[in-house]
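Undergrad: Let me begin by handing over the structure; questions about it come next.
Okay, here's the thing in C-alpha cells:
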C-alpha cells in the first residue's frame with residue numbers, strides 16, 4: 006500500500022496543485038492521499054474522478070501529519086530537491102517496503118517544516134533542480150513501479166480508448182461507446 | 006531543441022500550474038517554453054530560477070499558439086489522456102526528431118481547443134487516466150531522454166548538493182557553501 010502525504014496544503018492557494026498531486030498519486034499506483042488541512046471541495050473533486058474512472062483510491066483531509074508520521078510503521082520517503090537522487094536509492098526503498106509492507110511518500114507545498122527531514126527514512130530528490138512536486142511524485146512512482154503503472158487498468162465506469170486522433174470514451178454502465186472527433190472551435 | 010507550448014493559460018487560475026509546467030520543462034531538458042497568454046509575472050518567476058540555477062532556458066508569453074504551430078517545422082506532439090501511450094510511440098518520435106531537428110510539445114490547461122488534435126504529428130498519452138499535465142510532461146521528457154535528464158548538470162550560480170538529511174547549497178559566485186540543518190519549527 007502506497008500513501009501520499011500532502012503537507013502544507015493551503016486550500017486557497019494550492020487547490021489545483023494538490024488536486025494534481027492527488028490525481029497523479031492515483032494514476033501512478035498509490036492507493037490513497039492524506040492531506041493535512043481539511044478541504045472538502047478537493048476531496049469531492051478527487052472522489053468524483055475515482056468514482057468515474059475506477060480503482061479504490063482513497064482521499065482524506067484534515068489529518069495531523071506529524072501524528073500520522075509518528076504512528077505510521079511504513080517506510081517513509083520525503084520528496085525534496087535537496088535529497089539523494091531517486092535512481093541511487095529506489096532499490097533500497099523497494100527492499101525496505103518488501104519487509105515493512107507499506108510506503109508513505111511525503112510531498113510538501115512550497116515551504117515544508119524542517120523537521121520532516123529528520124522524521125523520514127529517505128529524503129529523495131528527482132533532479133536537484135527546483136521544479137514541481139507533481140513531477141517529482143510521478144517520476145518517483147514510475148521508478149518505484151518500474152514503469153508498469155503506465156499500462157495499469159482501472160476498470161472504471163468510464164474508460165478512455167487510446168487514439169491517434171480525437172477522443173474515444175467507453176462507458177461501461179450503459180455499454181455505450183462515445184467517440185468524439187474534435188472540431189475546430191475558433 | 007525541445008520547446009514546450011503551453012495552451013489555454015489563464016493567468017489568474019493557472020499561474021502556479023503553468024509555473025510548474027515551465028520549471029518541469031527546464032529541469033527535464035527542454036530549452037524553452039512558449040505560453041499563449043501574456044503573463045510577465047510568470048516569465049519573471051521562471052527567469053529568476055533559470056538565472057540562479059543555470060542553463061539557457063527561455064520563456065516567452067503572449068504568443069499566438071496556432072500561428073506558432075503553423076509556422077513550426079518541428080515534430081509536434083500533444084500530450085493528452087486520449088492519445089497513444091507514450092511507450093508505444095516514443096521511439097518513432099525520437100527518430101522523427103533526429104530527422105527534423107526540433108520537437109514541440111503542446112500541453113493544454115483543462116480545456117484545449119479540439120483542432121489541436123489535428124495539428125500535431127502525435128497525440129500522446131501518459132496513462133489514459135485524468136491526472137496532471139505536469140506529470141505527463143515529466144514522464145514524456147523522461148522517456149524521450151531515456152532518464153539521462155535526471156543526472157544533468159546546469160552549472161548555475163546555485164547548486165544543490167544531494168544530502169541524506171538537511172540542505173546543502175553551493176553558491177558559485179562567492180565560492181561559499183551554505184549548509185542548513187533543518188530545525189523543528191512547531
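Residue numbers (the working numbering), protein chains in the order written: chain S, 6 to 191; chain B, 6 to 191. All C-beta atoms, glycine included, are put in the ideal place defined by N, C-alpha and C. In this text the structure is predicted, and so the values were computed from the model without any measurement.
Going by C-alpha distance, which of S:41, S:161, S:160, S:77 is nearest residue 107 (chain S)?
TA: Nearest option by C-alpha distance: S:77.
Undergrad: So, is residue 152 (chain B) buried or exposed, given that buried needs 16 or more other C-beta atoms within 10 angstroms?
TA: Looking at its Cβ environment, which holds fewer than 16 other Cβ atoms inside 10 Å, residue 152 (chain B) is exposed.
Undergrad: Please tell me whether residue 82 (chain S) and residue 110 (chain S) are closer than 7 Å, where the distance is taken between their beta carbons.
TA: In contact: residue 82 (chain S) and residue 110 (chain S) (Cβ atoms closer than 7 Å).
Undergrad: Give me the subset of the segment 145–159 of chain B whose CB atoms are less than 8 Å from a CB atom of chain S, sorted by chain position.
TA: From the segment 145–159 of chain B, only 147, 152, 154, 155, 156, 157, 159 have a Cβ closer than 8 Å to chain S.
Undergrad: So is residue 160 (chain S) buried or exposed if we call it buried at 16+ other beta carbons inside 10 Å?
TA: Exposed, because fewer than 16 other Cβ atoms sit within 10 Å of the Cβ of residue 160 (chain S).
Undergrad: What is the DSSP secondary structure of residue 178 (chain B), counted as helix, strand or coil?
TA: Residue 178 (chain B) falls in the coil class under three-state DSSP.
Undergrad: Where does residue 56 (chain B) land, buried or exposed, given buried means 16+ other C-beta within 10 angstroms?
TA: That one is exposed.
Undergrad: Alpha carbon to alpha carbon, what distance is there between residue 147 (chain S) and residue 48 (chain S)?
TA: Rounded to the nearest angstrom, the two C-alpha atoms are 24 Å apart.
Undergrad: Tell me where the alpha helix (DSSP H) around residue 46 (chain S) begins and ends.
TA: Its alpha helix (DSSP H) spans residues 45–58.
Undergrad: On the criterion of 16 or more Cβ atoms from any shown chain inside 10 Å, does residue 115 (chain B) qualify as buried, or is it exposed?
TA: When all chains shown are included, residue 115 (chain B) counts as exposed.
Undergrad: With burial defined as no fewer than 16 other Cβ atoms inside 10 Å of the residue's Cβ, what is the status of residue 166 (chain S): buried or exposed?
TA: By the neighbour-count rule (16 or more Cβ atoms within 10 Å), residue 166 (chain S) is not buried but exposed.
Undergrad: From residue 189 (chain B) to residue 168 (chain B), what does the alpha carbon distance come to, in whole angstroms?
TA: Interpretation of residue 189 (chain B) is limited by its pLDDT of 47, a score under 50 that renders its predicted location unreliable; no figure is taken from the coordinates.
Undergrad: Closest by CA to residue 92 (chain S), which one among S:51, S:128, S:23?
TA: The residue with the shortest Cα to Cα distance from residue 92 (chain S) is S:128.
Undergrad: Do the segment 6–14 of chain B and the segment 24–43 of chain B make contact, defined as three or more Cβ pairs closer than 8 Å?
TA: Counting Cβ pairs under 8 Å, three or more are found: they touch.
Undergrad: Could you work out which residues of chain S lie near residue 21 (chain B), taking near to mean beta carbons separated by less than 8 Å?
TA: Result: 18, 19, 21, 22.
Undergrad: Count the other CB atoms within 10 Å of the CB of residue 177 (chain S); is the residue buried (16 or more) or exposed (fewer)?
TA: The residue is exposed, with fewer than 16 neighbouring Cβ atoms inside 10 Å.
Undergrad: What residue from B:94, B:88, B:84 has the CA that sits closest to residue 143 (chain B)'s CA?
TA: Nearest C-alpha to residue 143 (chain B): B:84.
Undergrad: Within the 7 Å Cβ cut-off, does residue 133 (chain B) reach chain S?
TA: It does: the Cβ of residue 133 (chain B) has a partner Cβ on chain S nearer than 7 Å.
Undergrad: Would you please verify whether the beta carbon of residue 137 (chain S) is less than 7 Å from any beta carbon of chain B?
TA: Taking Cβ atoms only, chain B reaches closer than 7 Å to residue 137 (chain S), which makes this a yes.
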